[in-house]
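There are 2 protein chains.
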Amino acid sequence: MVTRLTQLFLRTLREDPADADVASHRLLVRAGYIRRAAPGIYSWLPLGLKVLGRVEAIVREEMNAIGGQEVHFPALLPREPYEVTNRWTEYGENLFRLKDRRDADYLLAPTHEEMFTLLVKDMYTSYKDLPVYLYQIQTKYRDEARPRAGLLRGREFIMKDSYSFDADDEGLQRAYDAHRGAYLRIFARLGLEVVAVNAVSGAMGGSRSEEFLHPTEVGEDTFVRSAGGYAANVEAVTTVAPASVDASGVPDAHIEDTPDTPTIDTLVAEANAHFPREDRPWTAADTLKNVVIAVTLPTGERRIVVIGLPGDRAVDLKRVEATVGEHLGVTGEVAVEAASEADLAANPGLVKGYIGPGVALDAPVLGTRSRTGLTYLLDPRVVDGTRWITGANQAGRHVFDLTAGRDFAADGVIEASEVRAGDQAPDGSGPLELARGIEMGHIFQLGRKYAEALDLQVLDANGKRVIVTMGSYGIGVSRAVAALAEAYHDEKGLAWPRNVAPFDVHVMATGKGEEIFAAAAQLAADLESAGLDVVYDDRPRTSPGVKFGDAELLGVPTTVVVGRGLVDGVVEVKDRATGESTDVPLAEAVEHLRGVVAGS
Amino acid sequence: MVTRLTQLFLRTLREDPADADVASHRLLVRAGYIRRAAPGIYSWLPLGLKVLGRVEAIVREEMNAIGGQEVHFPALLPREPYEVTNRWTEYGENLFRLKDRRDADYLLAPTHEEMFTLLVKDMYTSYKDLPVYLYQIQTKYRDEARPRAGLLRGREFIMKDSYSFDADDEGLQRAYDAHRGAYLRIFARLGLEVVAVNAVSGAMGGSRSEEFLHPTEVGEDTFVRSAGGYAANVEAVTTVAPASVDASGVPDAHIEDTPDTPTIDTLVAEANAHFPREDRPWTAADTLKNVVIAVTLPTGERRIVVIGLPGDRAVDLKRVEATVGEHLGVTGEVAVEAASEADLAANPGLVKGYIGPGVALDAPVLGTRSRTGLTYLLDPRVVDGTRWITGANQAGRHVFDLTAGRDFAADGVIEASEVRAGDQAPDGSGPLELARGIEMGHIFQLGRKYAEALDLQVLDANGKRVIVTMGSYGIGVSRAVAALAEAYHDEKGLAWPRNVAPFDVHVMATGKGEEIFAAAAQLAADLESAGLDVVYDDRPRTSPGVKFGDAELLGVPTTVVVGRGLVDGVVEVKDRATGESTDVPLAEAVEHLRGVVAGS
């Protein structure tokens, strides 16, 4: 049935919504695809639901093609399974928790590893039952600290999540490869460029993991790639550390008055002026900056960590967040921020502006057996034998020629520094360039973590019980709608690729004559009969300008204008993306448009 | 693609699940359609999800056919709109409530009147935009006190809910009629017998309302019908009250010792033995029983109410629950139970076993201006002039000839008595019979309640602002799957009607010969090519008995057995519901089965 604009539940907006900071959000709201219900929580209007359905259908087909079987789990789940794996706690504030009328604890699931593991445990007992790939397309919940950008980072969102179960590592590798292939095909069919990057798996645990990032300026994720083919998200990039240095010729550490050196630059200038280095001038890279970080654990506990890094680098909090938990012996999601004045006040052993590890290994301010007791972590560039200018823990004074390994040692090495364009790829494939992207999918080799925690075992060919190995694979389905809007729009509105467009053809009657409306209605009906999905702008008293504007805003790939050409027996067929238009005889319009829609 | 049982994520169970009290629950779990995740919360396995999808498709088609437009709202919603309509409170303990990380209140929506009202308010401004019918098929939440019977009464469940918006009452009536028609078509296509009964609308507010009940012994709802066509749920049945009686000849009330009369029967016997009535013997219907009820309001407050009714009737708590709130001046869902010992102890004005309204209108124990202050409500049969034996509020004593209107008066009349088979239909259409049913759908004329609360107005033809009038219409989609399983099963398992079956044909290879499996696989593939949806039991070492048992448990309408008949070139085609089987030449099997599936 032809959808008529006079009937469709739609109202386009001239004004951008006040809270919309990215184009996809702005246009999806203005074009009547979605509406905000609460921060990070959206309603789908008819057009949006249609696009969402087309995206879901593509995901479903490709998942079925690799042998995925669709199931559907509840969103409201009991605490117990998440308690066993400790994720009830590890998710921290990101988890929506609630109690039922009997005071039992429940959560709104952000992901379903536990439930799938328990289901397979409940159903299967033998290696012969495996592999099995299960998936669902389902509403997920995550209490984001900063929901933003409409559907790009919501608190209620739709994901396809799948889980593979295998008896051995080779099986897991096959499952991982199958999903990787399916994901690349899904994004190709959606028309969504993605880069597969190495990732750290964060709270999910497990070993190998890749993200599929859609490169765009509005993306929240930064990733790197080299001309030689390396790609990783910044959290996963490892630093090419220099070899350790022979420090036998380095002078003893010496503390000097360094008044008026509030910044690295002034410190370097002061050092070169009064304490020049014998071989070359001091640079910012010779200073050891010690940054105090506050880490909030999943339990809510706040821990202070100090990170030492070359003064020409900045700390990247997202990189810190990805791995600092390991150094504190905690699993799960931690939140990281610069330490507050209160944090510093609570740690009087640190002299603000002049923090350093101390000048002797046997009585350090920071580092192994330090007097402050704080965890001290170093950037990988601070290798043994390197000599540094750093704070002396005395106001107005710095220590010079402090040498790593000789004069100070840390509790660990952390990838904390920002990655910069031009840094070397860890695999030797050349310098890195940086780009931003939206995380569209994520695949993980979970391994045996969840199966172990929840005791999922099967009998192998020898009748021996073995722990099952798992993979978990997610695609942001609602996010894909936003990413597509981001990738396919111009200043006039949306411009959907054919595979996901809400309609194939947008028929428009422009003019006042009844014969124009009659011809347009007939054409719309004929196109539907020919198997196309048609929206018809039949509004009787709306100006052509408004109709054109709405068509461009809605973004159906092809518009057919039935208007003043009708007297000559032609209609105008216009491509939304290119703006190109062609006059086509009305009698040939159906055949022509079938060809256009089929892409021939 | 043919679904093979060696690949399908399925494990049938021989044993009934311990918590399953009805056939649908038992069989859906045993046949691997669903699995319990928490009380009243279920996961859908591949077969269950397929049936659910078929039910959803039928609902969607019929909703679209009446001009319904599909949208999708969040399940997680902010408190504010529900606060405006007072449902945040009125839902009481049935609502799942939670807080986000910023301590803002949210709920898991049990129904979406508020959100739809606000959406239309946000989009539309003129009567010309109306009518609009919007619907969604969506996951709903309700923290049931007693989740039971698997999918029949869950806490997370799937509903189709729709909402109509009209500028005038005639429009609402058309919307209501359109939905009523669509519902009848949906249930007919599903193969689900339903009875449309008049209903009280409970917490939803509004005026006209009907329930669609599927008659079955396992239903939780009791309804009545008369041969003359009256049908209502018991909560909505009104009593045919007798005309008031001239009490001028009734003796004055007199209090008598009535020792050893702990029951109505003993009281009647005592009355006839020692205080005989002049015209006929006393019967239980002449005694006025006063039942003390505890009502929990949505706010959690507990109120005591006393209900007087003829001694031959019992109180029906569900009927009380439906309307007692009105008498207490509260809206929303109340919970009702018999008063506890503690409740009675807290009301010493009531003498347990001998409760009565008192013997004088100017100093009543119960009733208008009573000394207890409790609300006293009477059954409609207690009309003015009727004379009663009832408690004297003194241990061991009753009052006789206490006359309604003359000696006592209540605070109101309530439909509190159980409805009995043989009671007269209120519309004069004859005696009622009682039946049990499952509520499959419910349609309401909400009227202007929500539009008024949330200020949804449009301009009418004269440019005057008018409040929109609404309807709300629900179908239990996941519940329909259970009701179908309830309606279509036998002792061996499920027996789906064709329109919702997970597959059209179940092909089975029985025997050991490779040629049998080859022929069965080929037949399955040919049937799929012919457009049928096929499951193929290809398990190589499973006995025919187990395969037959599983086929009967799974309930695909038609089974094809490829086995020993193959040497004679025939396969056996068996109807699951009737058990009838026919030998069909293998060469004709595809054509034959196409006919069977098409119903010809």
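So the sequences go chain by chain: F and Z.
In terms of this note's numbering, the first sequence opens at residue 446 and continues consecutively.
In terms of this note's numbering, the second sequence opens at residue 446 and continues consecutively.
Using N, Cα and C, we set each Cβ at its ideal position, and we do this for glycine too.
DSSP three-state call for residue i: helix, strand or coil?
i, result
"F/Gln452", "coil"
"Z/Met446", "coil"
"Z/Val1016", "strand"
"F/Gly1040", "helix"
"Z/Val775", "coil"
"Z/Ser646", "Since pLDDT at Z/Ser646 reaches only 49, below the 50 mark, its modelled position is unreliable, and no value is offered."
"F/Asn735", "strand"
"F/Thr562", "helix"
"F/Pro871", "coil"
"F/Glu723", "coil"
"Z/Asp461", "coil"
"F/Gly818", "coil"
"F/Tyr918", "strand"
"Z/Glu423", "Nothing in the structure corresponds to residue 423 of chain Z, since chain Z is present only between 446 and 1045."
"F/Phe632", "helix"
"F/Arg881", "strand"
"F/Glu863", "coil"
"F/Val516", "coil"
"F/Leu795", "coil"
"Z/Lys573", "helix"
Nearest by alpha-carbon distance to residue i: which of the options is it?
i, options, result
"Z/Thr741", "Z/His719, Z/Asp788 and Z/Phe993", "Z/Asp788"
"F/Met560", "Z/Phe632, Z/Val952, Z/Leu540 and Z/Leu490", "Z/Leu490"
"F/Leu904", "F/Leu1031, F/Arg1039 and F/Asp574", "F/Asp574"
"F/Asp588", "F/Pro484, F/Leu972 and F/Arg480", "F/Pro484"
"F/Pro687", "F/His951, F/His719 and F/Pro755", "F/Pro755"
"F/Gly958", "F/Ile738, F/Ile479, F/Asp983 and F/His934", "F/Asp983"
"Z/Ala866", "Z/Ala672, Z/Ala925 and Z/Gly812", "Z/Ala672"
"Z/Asn792", "Z/Val775, Z/Gly873, Z/Leu521 and Z/Val810", "Z/Val810"
"F/Arg532", "F/Pro519, F/Leu552, F/Arg547 and F/Asp545", "F/Leu552"
Tell me the DSSP bridge mates of residue i?
i, result
"Z/Ala780", "Z/Thr741"
"F/Arg910", "F/Leu904"
"F/Lys544", "F/Asp550"
"Z/Ser390", "There is no way to answer for residue 390 of chain Z, as the model of chain Z reaches only from 446 to 1045."
"F/His470", "In DSSP, F/His470 forms no bridge with anything."
"F/Asn678", "F/Phe668"
"F/Ala483", "F/Ile486"
"F/Trp833", "F/Leu847"
"Z/Phe657", "Z/Ala641 and Z/Gly886"
"F/His624", "According to DSSP, which records beta bridges pairwise, F/His624 is partnered with nothing at all."
"F/Gly1008", "Beta-bridge pairing links F/Gly1008 to no other residue."
"F/His934", "F/Leu939"
"Z/Ser609", "Z/Tyr578 and Z/Gly916"
Can you give the beta carbon distance from residue i to residue j, rounded, assuming they're within the 8 Å contact cut?
i, j, result
"Z/Ile888", "Z/Leu901", "Rounded, the Cβ-Cβ distance is 20 Å, inconsistent with contact."
"Z/Ser1026", "Z/Val1016", "No, Z/Ser1026 and Z/Val1016 are not in contact; Cβ-Cβ is about 10 Å, not under 8 Å."
"F/Leu806", "F/Ala861", "Rounded, the Cβ-Cβ distance is 22 Å, inconsistent with contact."
"F/Ala854", "F/Tyr799", "Actually they are not in contact, since the Cβ atoms of F/Ala854 and F/Tyr799 sit about 20 Å apart, beyond 8 Å."
"F/Ile883", "F/Ala928", "5 Å"
"F/Ile920", "F/Val804", "Their Cβ separation, rounded to whole angstroms, is 53 Å, which puts F/Ile920 and F/Val804 out of contact at 8 Å."
"Z/Leu998", "Z/Leu1038", "So it is not a contact: roughly 21 Å between Cβ atoms."
Can you tell me whether residue i sits near the ligand ADP, meaning its C-beta is under 8 Å from at least one heavy atom of the ligand?
i, result
"F/Ala594", "Within the structure as shown, the ligand ADP is missing, as the structure has no ligands at all."
Using 9 Å as the limit for Cβ to Cβ distance, is residue i near chain C?
i, result
"F/Ala590", "The structure shown contains no chain C; its protein chains are F and Z."
Inset, instruction - Residues of the stretch 562-587 of chain F with a CB closer than 8 Å to any CB of chain Z: list them in chain order, please. - result: For the stretch 562-587 of chain F, the set of residues with a beta-carbon nearer than 8 Å to any beta-carbon of chain Z comprises Leu564, Asp567, Met568, Tyr569, Val577, Leu579, Thr584 and Tyr586, in chain order.
Inset, instruction - Could you run through the stretch 482-493 of chain F and flag, in chain order, every residue whose CB is less than 9 Å away from some CB of chain Z? - result: Taking a C-beta cut-off of 9 Å against chain Z, the contacting residues of the stretch 482-493 of chain F are Ala482, Ala483, Pro484, Ile486, Tyr487, Ser488, Trp489, Leu490, Pro491 and Gly493, listed in chain order.
Legend entry - Where the stretch 511-525 of chain F meets chain Z: residues whose CB sits under 8 Å from a CB there: Listed by position, the residues of the stretch 511-525 of chain F near chain Z (Cβ gap below 8 Å) are Gly512, Gln514, Glu515, Val516, His517, Phe518, Pro519, Ala520, Leu521, Leu522 and Pro523.
Inset, instruction - Below 9 Å between beta carbons is the criterion; list the residues of the stretch 710-722 of chain Z that meet it against any residue of chain F, in chain order. - result: Residues of the stretch 710-722 of chain Z that bring their beta carbon within less than 9 Å of a beta carbon in chain F are absent altogether.
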